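Residue numbers (full-length UniProt numbering): 1 to 124.
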């Protein structure tokens with residue numbers, strides 16, 4: 001098991017676009033959490049001081065919709081991810097996802113990020 005932290009769901013950034021979110025699946029996750037099902041731990045990688053969601057987009061959005069102030073995240077070291085993962089590949093992926101992904105996640109989740117990392121704009 002890796003390091004587990006309790007953080008605001010508003011500090012978790014996506015590695016995918018909103019198009020990857022199935023509305024029916026999201027609704028089921030929201031209902032499960034509201035009905036008392038333990039929310040799975042969201043798996044993240046720490047990249048340039050930001051938490052990037054590796055597995056748990058639905059849980060992050062649901063937590064924001066429900067208004068949870070904290071969620072548990074498992075911080076998985078970058079080198080323990082798939083072989084394609086490197087800092088350069090992650091930066092390219094986040095630039096490809098772009099700023100619109102952040103705005104879309106904010107809109108769907110009903111929250112605002114406190115900052116927008118430059119790598120979503122193609123910066124370093």
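Positions of the beta carbon are idealized from the N, C-alpha and C atoms, including for glycine. The structure displayed is predicted, hence computed values, not measured ones.
Excluding the 5 residues preceding and the 5 following residue i in the sequence, name in chain order all residues of the same chain whose CB lies nearer than 6 Å to its CB.
| i | result |
| --- | --- |
| residue 90 | 47 |
| residue 94 | 119, 120 |
Considering just the uninterrupted stretch of the alpha helix (DSSP H) at residue i, what are its terminal residues?
| i | result |
| --- | --- |
| residue 55 | Run containing residue 55: none in the alpha helix (DSSP H); it sits in the beta strand (DSSP E), 50-55. |
| residue 27 | 23-34 |
Find out if the Cβ-Cβ distance for the pair residue i, residue j is shorter than 8 Å.
| i | j | result |
| --- | --- | --- |
| residue 52 | residue 60 | no |
| residue 35 | residue 110 | no |
| residue 55 | residue 21 | no |
| residue 11 | residue 42 | no |
| residue 62 | residue 26 | yes |
Given residue i, which residues of its chain have a CB within under 7 Å of its CB, disregarding the five upstream and five downstream residues?
| i | result |
| --- | --- |
| residue 140 | Because the chain is modelled from 1 through 124, residue 140 falls outside the range shown and cannot be assessed. |
Residue range of the beta strand (DSSP E) that residue i falls in?
| i | result |
| --- | --- |
| residue 73 | 71-75 |
| residue 19 | It is not in any beta strand (DSSP E) - residue 19 carries neither H nor E in the DSSP assignment. |
With DSSP as the reference, please indicate the residues paired to residue i in a beta bridge.
| i | result |
| --- | --- |
| residue 47 | 50 |
| residue 13 | 52 |
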